[in-house]
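Below is one structure, written out as structure tokens; the observations come after it.
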Amino acid sequence: MNSLATELNNMLQEQTPAVYQMLSKLGREMYMPKGIITQSAEASEKAHKFNATIGMAVKDKSPMFIDCIYGNLKMFMPSDVFTYAPTTGKMDLRKAWNEKMLKENPSLKGKQFCLPIVTHALTHGLSVVADLFCDDGDYVVTPDKFWGNYRLTFNVRRGGSIATFATFNNENGFNVDGLLATVEECGKLKSKVILILNFPNNPTGYTLTPAEAAKLAQGLKKLADSGINVVAVVDDAYFGMFYGDCMKESLFALLAGSSPNLLAIKMDGATKEAFAWGFRVGFITFAATTDKDESQTLAALEKKVAGNIRGVISNCAHPSQTAILSALRNPAFYEQRKENVEILRARAMKCKQALSGGKYDDQFTPYPFNSGYFLCIKLLKADSEKLRMHLLNNYGVGTISTNSSDLRIAFSCVEVEHIEELFDIVYKGCKDLE
Ligand SMILES: Cc1ncc(COP(=O)(O)O)c(C=O)c1O
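Heads up: take any position in the sequence shown, counting from 1, add 92, and you land on our numbering.
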């Protein structure tokens with residue numbers, strides 16, 4: 093049991109033993125990690141200069157948004173706002189997201205997948221997938237640089253056993269061999285393996301190159317064909333924020349239909365890619381193949397998801413679904429989104445420039461990044477948590493410590509003209525701690 097959970101349990105036992113006795117097994121194991129949310133809350137109090145902690149995007153001290161979402165909120169019909177939405181989401185929204193997926197992932201054409209099912213954003217979608225596929229002791233394979241919330245969703249809530257591999261290889265590329273070896277190893281111990289892949293990645297900001305993606309997809313197909321049941325969860329939270337020489341389609345498009353033993357699951361959210369964090373609109377899409385009838389498999393899975401949604405939250409909020417649908421129907425959507433992505437691209441390029449000059453190399457070096465909201469630096473001397481606290485308390489700069497050597501920087505929240513200064517301060521902070 094996590095020590096934070098034990099701490100809470102001890103407190104309850106001391107204060108109100110009866111309440112402790114009432115808790116379920118999951119209730120006893122539950123805790124709030126001292127992760128991004130806690131670090132970011134500290135930063136919102138103290139990071140008066142730069143707050144590069146949270147996975148949102150900021151411009152001119154205000155959240156970035158898209159006019160075609162914001163402008164429409166007052167214009168909707170009461171029936172599109174106040175009534176219950178269907179359990180699996182508004183049908184027109186599901187169709188519109190499907191169209192968007194096909195437009196942005198041409199390789200999906202001709203493949204069998206279900207209409208995206210609406211969730212209360214990505215975290216909820218991931219928890220639905222965990223409920224349906226993850227049992228006590230099941231292996232959940234993911235790169236060692238992963239979004240920490242997978243731990244609560246798959247490990248704490250469902251008892252999955254997280255098995256990681258080094259994210260990058262010696263050539264500073266994605267460690268496809270490590271991934272395949274870990275899936276194979278786990279597959280020998282248990283015939284089912286859940287794999288979570290997230291590109292653009294949180295925290296590193298890395299997306300696979302087309303060659304890495306092809307190698308990964310071929311390798312996974314081979315493992316699945318050899319008899320390992322692979323649940324391949326593709327977390328596309330930051331889809332579309334591609335700045336470099338990386339794959340511009342989802343890995344889901346390559347995995348879909350590749351083996352009868354591989355179930356590909358695409359997790360989407362308007363959250364990050366449509367700059368609508370508080371709306372809580374996400375999607376789950378399954379792709380399966382069989383020599384029988386895929387459509388029946390997909391329909392059965394959709395019903396299982398519906399049952400899970402019904403039993404946990406009944407249905408997802410209707411006004412946000414209406415707002416996102418209206419944005420997707422607005423011809424300005426892609427152009428407006430592109431404007432924001434271009435701002436993020438300029439910041440990413442500025443980060444690359446600042447980090448490539450050798451100026452900071454005795455204290456930190458970046459991990460590869462080419463996409464998303466974040467980058468991660470590897471600290472060569474300083475302890476990451478000590479540095480984070482030092483930067484916050486002495487310079488008013490908020491960052492996220494993801495482990496003892498890595499610091500995540502959300503360039504999505506720092507204006508381009510401040511980026512060099514931000515790295516200068518991080519460098520100075522490292523020097524102070526020497
Ligand atoms: C990789 C990844 N997946 C999922 C999420 C959760 O997104 P949502 O806010 O839609 O639940 C995040 C949020 O930070 C994330 O970084």
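We put the beta carbon where it would ideally sit given N, CA and C, even for glycine. Treat the numbers as computed from the prediction; the structure is a model and nothing was measured.
Counting only unbroken stretches of 4 or more residues, the alpha helix (DSSP H) elements lying wholly within the region 410–440 are 410–421, in sequence order. At a threshold of 7 Å, N462 does not count as near ligand 1, since its beta carbon sits no closer than that to any of the ligand's heavy atoms.
Within the region 124–152, the alpha helix (DSSP H) runs of at least 4 residues that lie entirely inside it are, in chain order, 128–138. Nearest to A438 by alpha-carbon distance, out of L393, N422, R372, C505, is C505. Around the beta carbon of L96, a 10 Å sphere encloses fewer than 16 other beta carbons of the protein chains shown; the residue is thus reported as exposed. Straight across, the Cα-Cα distance linking E477 with S154 is about 28 Å. Nearest to I254 by C-alpha distance, out of F260, N262, R243, is R243.
No Cβ-Cβ contact shorter than 8 Å links K364 with T377. Distances between the C-beta of G336 and the heavy atoms of ligand 1 are all 7 Å or more. Taking the Cβ atoms as the reference, V173 lies roughly 39 Å from T491, outside the contact range of under 8 Å. Sorting V397, G464, E431, L447 by C-alpha distance to the C-alpha of S219 places V397 at the top.
In the displayed model, I320 falls within coil according to three-state DSSP, outside both helix and strand.
Shortest gap from the CB of A329 to any heavy atom of ligand 1: under 7 Å. Bounds of the beta strand (DSSP E) holding T211 are 209–211. Leaving aside the five residues that flank K523 on each side, the residues in its chain whose CB is nearer than 8 Å to its CB run, in chain order, Q455. Collapsing the DSSP output to three states places V233 in a strand. Shown here, I469 sits in a strand according to DSSP, grouped into three states. Judged by DSSP secondary structure, G270 falls within the alpha helix (DSSP H) whose first and last residues are 268–281.
Look at the beta carbons and you see the region 327–344 not touching the region 165–184: under three pairs across the two are nearer than 8 Å. In this structure, DSSP gives R402 a helical state, which the three-state scheme calls helix. At the C-beta level, A324 and L347 come within 8 Å of one another.
Looking at the DSSP output, T377 shares a beta bridge with K358. Under the three-state reduction of DSSP output, G490 falls in the strand class. For F515, the enclosing alpha helix (DSSP H) covers residues 511–525. N197 and N462 have their alpha carbons spaced roughly 19 Å apart.
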